[in-house]
Each structure stands twice: as structure tokens, then as C-alpha cells.
Amino acid sequence: MRPFDWDDLRYFLGVARSGTVSQAARRLGVDHATVIRRVDALERAMGVKLFERSPRGYYLTQGGERLLPSAELIQQEARKIGREQISSSRGVGGVVRISTLEGFGNFFLSSRLPKFAAEYPNLTIELLTLQQIVALSRREADLAISLQPPETGRFYREKLTDYWLFVYGSREYLEASPPIRKPADLRDHVFCGYIDDLVFLRGLDYLDEVGKGIRARLQSSSLHAQTEAARAGYGLCVLPAFIGSRTPGLVPVLKEEIRLQRSYWMVASADVAPSPRVQAVRRFIRAQAEAERGLFLGE
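No gaps in the numbering here: position 205 of the sequence shown is 219 in our numbering, and each next residue is one more.
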């Protein structure tokens, strides 16, 4: 048996108790695909088939029946540890400065920070939403969310999630503009995007991937400004799925033909990564990204 992620047991128990993936997903607060992926990963790691799949639901195999009492015991102990951790978290204090791209910071993380504040009332968060890379080695930030982890140096690196980007436009703009039936049609349309000479990260330079020669007519260093301009009908905009799908009035264009993939990485200096205050933030961000995997992938 290979080592497995202990958190996969939570998904195993969810399916075992509910009998279906859809009910387990609702109870766990995640998407359908996440439950399937985590259960499949547990079976591969253990080398045992835990469920019989059928159109009516999931049923425990003998291997699943053997695992069930141990998994329930582990969950009970984990909850006990969690209660003790919440109690001890009241004593974790200080300041954690997070450097993050605007999309992740403004459109995803900031709305979830009240939950963190309730658990860690003595921790102060400083959220820097910048395009350029800050110097973790010079303590300009404690933690960074980036598209490109450092290749050298003493850093803690962890991949948070992949995410998809699509082309979006407002219904009003699309109705008033030439029809878009194929990628080549995009060259006849107005785009919103970043200022060409202020794109400091290669991963944000994606208009050429949409179509050779496409340039933004409206250029802004702010992703929020680009999004609002597209929503108001200025033109098309390339946006992460977790932004475009949650912005009222925007619809994807050629979703099956044009999709760009990027990844978010969590990085910290090896000197500060083990500190309780930084560990608390890392755990929280990791959990939030895992719970919303479907949102990042446009599912």
C-alpha cells in the first residue's frame, strides 16, 4: 500500500454514509468531481476497491467494510484535534503579509477571510494585490500566491490549483457585434486586457494564445477594471473561470475551442514557513482552494 492523503478518508466516509456521490458532495461542500477524484485516489493508494459503483449509488465492498470502522475512529480523533486546535488558535497572533495576484486576492481570497478572522482573531492579514513579484527573501511578504514558483533558493512551494481562463463578453456586446462562430472571428472584436509593457508575469500575457495579433483596445493594470469594462459592453475579455462565471451579465465565448490553463502556487521563505502564524494562513488558503476546485476549473 502506498502512502495516502489522510483527508481522502473524509470523502470515503461521506460516500459510505450517503450512498451517492452527489449527496456526499453537498454535505462536504465540494463539487461532484472532487469527491470522485479523492475516492479514486484513496483506492489507488490502498490498492483496494472500496466501492461497487452502480446507477443507483455506491456500495461498500468487503475492503470498504473493513476500512469503515478505522476511518470513523480516525475522523473522531481528527475532530478532537481540531477542537483543541481551535482553542489554541486563539493564542496565535501577529501579522501575515500575503502577496497575491489581483484575481486570486480580490475575487477569491478576500471574501473568505472573515471565516479566517473568526478562527484566528489575534492574527492580522495584510493583503498585497500586485502584478510584480515581491522579494520573499527580503521579507517584503511572508507568503505569496504566484503563477511561477521560484526555481532556486530556500523556499516552501506548494501547488494550490490549476485554473482555466475563457473569453467572456456581455450579452449586449455580443448581440450588437459580428457573430463569433470560430476562433478566427475574434480578430474582428474589441478586447480588454493588460497594458502591454506592464505585464511582469509571463503567465498574464495570454492574448496571443487566444489569437495571433490580437491586442487589447482597452488596456488596464487592474483586472477588476477589465472585468467591469467587459460587463458594461466595452468588448471581450480573457478571465479566469472563477471570475467570469461569477460576474453577472458575462457569458463565455467559444468555451470548448478556447481555454487557457494556468496554476496558482503558494510560496514562502523557508525561514518563515514553519511559524505558527504563517502555517495557519497556509492551511486556510489550501483548504479554501481545495473546497472550490470546481470553481477554478469552470465546472
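In this text, a Cβ means the ideal position worked out from N, Cα and C, and glycines have one as well. Since the model is a prediction, treat every value here as computed from it, not as a measurement.
Closest by C-alpha distance to residue i, when choosing among the options
| i | options | result |
| --- | --- | --- |
| A131 | F298, S259, G308 | F298 |
| T175 | Q293, M280, F18 | M280 |
| R260 | R41, Q90, L87, S184 | S184 |
| E140 | A287, G108, P163 | G108 |
| T114 | A282, A255, G308 | A282 |
| H238 | C251, T75, D22 | C251 |
| A190 | F310, G249, K269, Y134 | G249 |
| L316 | Y220, I228, F214 | Since the first residue of the chain shown is 15 and the last is 313, residue 316 is not available in this structure. |
| T327 | P197, G71, E116, K129 | The displayed coordinates of the chain run from 15 to 313. Any statement about residue 327 would go beyond what the structure contains. |
| P164 | L42, A284, R296, S36 | A284 |
| R245 | P262, R231, S236, A230 | P262 |
| G119 | R168, S236, V106 | S236 |
| F256 | R307, M60, R31, S68 | R307 |
| G217 | K129, E242, A198, S277 | S277 |
| R70 | L232, P193, G33 | G33 |
| E57 | Y25, A198, F122, R168 | Y25 |
| D211 | T166, S68, A230, G167 | A230 |
| R31 | E79, E133, R51 | E79 |
| E313 | E270, S124, S289 | E270 |
Supposed contact pair residue j and residue i - C-beta distance, whole angstroms, cut 8 Å
| i | j | result |
| --- | --- | --- |
| V53 | A39 | Actually they do not touch by this definition, with Cβ atoms about 11 Å apart. |
| Y170 | A287 | 4 Å |
| L311 | W178 | 6 Å |
| L221 | G207 | 6 Å |
| Q162 | L81 | Wrong, their Cβ atoms sit about 40 Å apart, outside the cutoff. |
| S234 | I272 | Incorrect: roughly 21 Å between the Cβ atoms, too far for contact. |
| Q89 | L27 | 6 Å |
| D331 | A55 | Outside the shown range of the chain, which is 15 to 313, sits residue 331, and nothing can be said about it. |
| V110 | V292 | 6 Å |
| A243 | L253 | A243 to L253, Cβ: 11 Å. No contact. |
| L268 | P197 | 6 Å |
Same chain, Cβ closer than 6 Å to residue i, five either side skipped, listed in chain order
| i | result |
| --- | --- |
| A303 | L174, T175 |
| R126 | Q302 |
| D19 | none |
| V213 | D219 |
| T138 | V109 |
| V44 | A305 |
| I194 | V267 |
| D202 | P192 |
| E172 | M280 |
| S289 | none |
Own chain, CB closer than 7 Å to residue i, minus 5 neighbours either side, in chain order
| i | result |
| --- | --- |
| G77 | V62, K63, L64 |
| G258 | F180, Y182, L264, P266 |
| Q275 | D176, W178 |
| H46 | V35, S36, A39 |
| G247 | S184, E186, Y187 |
| F122 | F256 |
Buried versus exposed, by CB contacts within 10 Å (16 or more), residue i
| i | result |
| --- | --- |
| S84 | exposed |
| A158 | buried |
| S101 | The predicted position of S101 is uncertain, since its pLDDT is 44 and thus under 50; a value taken from the coordinates is nonetheless stated next. Result: exposed. |
| Q240 | buried |
| Y73 | exposed |
| A155 | buried |
| L135 | Here the sequence assigns Pro to residue 135, which means Leu is not the residue at that position. Exposed, because fewer than 16 other Cβ atoms sit within 10 Å of the Cβ of P135. |
| I112 | buried |
| V224 | buried |
| E66 | exposed |
| S160 | buried |
| R296 | buried |
Closer than 8 Å to chain B by CB, residue i
| i | result |
| --- | --- |
| C251 | Among the protein chains of the structure shown there is no chain B, as only one such chain exists. |
Residues that residue i bridges to, as DSSP identifies them
| i | result |
| --- | --- |
| Q275 | W178 |
| V110 | I139 |
| Y72 | R67 |
| Y170 | A282 |
| F205 | L250 |
| G183 | V265 |
| I159 | T114, M280 |
| Q293 | Answer is none; Q293 lacks a bridge partner. |
| L232 | C206 |
Same chain only: Cβ atoms within 8 Å of residue i, ignoring 5 sequence neighbours per side
| i | result |
| --- | --- |
| R93 | none |
| V29 | V35, A38, V49, V53, F65, Y72 |
Any non-hydrogen atom of the ligand FMN within 7 Å of residue i CB
| i | result |
| --- | --- |
| A38 | Absent from the structure shown: the ligand FMN. Ligands present: none. |
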